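Residue numbers (this note's numbering): 3 to 135. Backbone N, C-alpha and C fix where the C-beta goes; we use that ideal spot for every residue, glycine too. In this text the structure is predicted, and so the values were computed from the model without any measurement.
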Amino acid sequence: MPYLLPYSQEILLSPHPTRPYLARRLLQIGVTDVFSVPGDFNLTLLDHLIAEPGLTNIGCCNELNADYTAEGYERSGGFGTCIVTFTVGELSVLNAIARACSEDLPVICIVGGPNSNDYGADNRILHQYNWVT
3 MPYLLPYSQE
13 ILLSPHPTRP
23 YLARRLLQIG
33 VTDVFSVPGD
43 FNLTLLDHLI
53 AEPGLTNIGC
63 CNELNADYTA
73 EGYERSGGFG
83 TCIVTFTVGE
93 LSVLNAIARA
103 CSEDLPVICI
113 VGGPNSNDYG
123 ADNRILHQYN
133 WVT
């Protein structure tokens, strides 16, 4: 297993430090292909992955297929990685993740979500409405 490097100053000072760091870390551990379904909360991460030389983004039609494809890629000798979006995406991918776990297949599933500052701040996230009048 490759040595995992700590955060660099460049990453800590970036306005979105997690996204470029994650793209570089995936490369460091040997990921070359990422299976994804674009969604509201993972678009900027996908932009960073597409811009990272050495990573190929492969779009899938739905989350379940993205993880099953990553699982098949893992079985064929690659490093299975999928990226989905918040709530609907992560719920859809659960069955495939459960299957990978039951067969001891190390598949990475990255789920984009809202900013942590939005929780508890009464901010509306995506399609949530305040029905209390």
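**OP:** Report yes or no: is there a C-beta of chain B within less than 9 Å of the C-beta of G56?
**Re:** The chain inventory of the structure shown lacks chain B, comprising one protein chain alone.
**OP:** May I have a chain-ordered list of the alpha helix (DSSP H) segments no shorter than 4 residues that lie completely inside the segment 35-82?
**Re:** Those alpha helix (DSSP H) runs which fall completely within the segment 35-82 and span 4+ residues are 45-53 and 65-77.
Subject >> Rounded separation between N64 and D42 - CA only >> reply: Numbered from 1 along the sequence shown, position 62 holds the residue referred to as residue 64. Numbered from 1 along the sequence shown, position 40 holds the residue referred to as residue 42. Taking the CA atoms as reference points, N64 sits about 14 Å from D42.
Original post:
Among Q30, G56 and G61, which one has its Cα closest to the Cα of N44?
Top reply: Taking the first residue of the sequence shown as 1, we reach residue 44 at position 42. It is G61.
**OP:** With a 10 Å radius around its C-beta and 16 neighbouring C-beta atoms as the bar for buried, classify G1 as buried or exposed.
**Re:** Past the boundaries of the shown model lies residue 1; the chain is included only from 3 to 135, so the question cannot be answered.
Subject >> Simplified DSSP state of I110, which is helix, strand or coil >> reply: Position 108 of the sequence shown holds residue 110. The answer is strand: DSSP assigns I110 an E or B state.
**OP:** Pick helix, strand or coil for N117, following the three-state DSSP scheme.
**Re:** For this step, residue 117 is matched to residue 115 along the sequence shown. N117 carries a coil assignment under DSSP once its states are collapsed to helix, strand and coil.
Subject >> Reference D106; option with closest CA among L96, E73 and C84 >> reply: If you number the sequence shown from 1, residue 106 lands on position 104. Considering only alpha carbons, the answer is E73.
Subject >> Inter-residue spacing [alpha-carbon to alpha-carbon] between E92 and V86 >> reply: For this step, residue 92 is matched to residue 90 along the sequence shown. For this step, residue 86 is matched to residue 84 along the sequence shown. One C-alpha to the other measures close to 6 Å.
Original post:
Which value, in whole angstroms, describes the spacing of the CA atoms of L7 and A98?
Top reply: In the sequence shown, residue 7 corresponds to position 5, counting from 1. In the sequence shown, residue 98 corresponds to position 96, counting from 1. At L7, the pLDDT of 42 sits below 50, so the modelled position is not reliable; the number obtained from the coordinates is stated separately. Each residue's CA atom was taken as its position, placing L7 and A98 some 30 Å apart.
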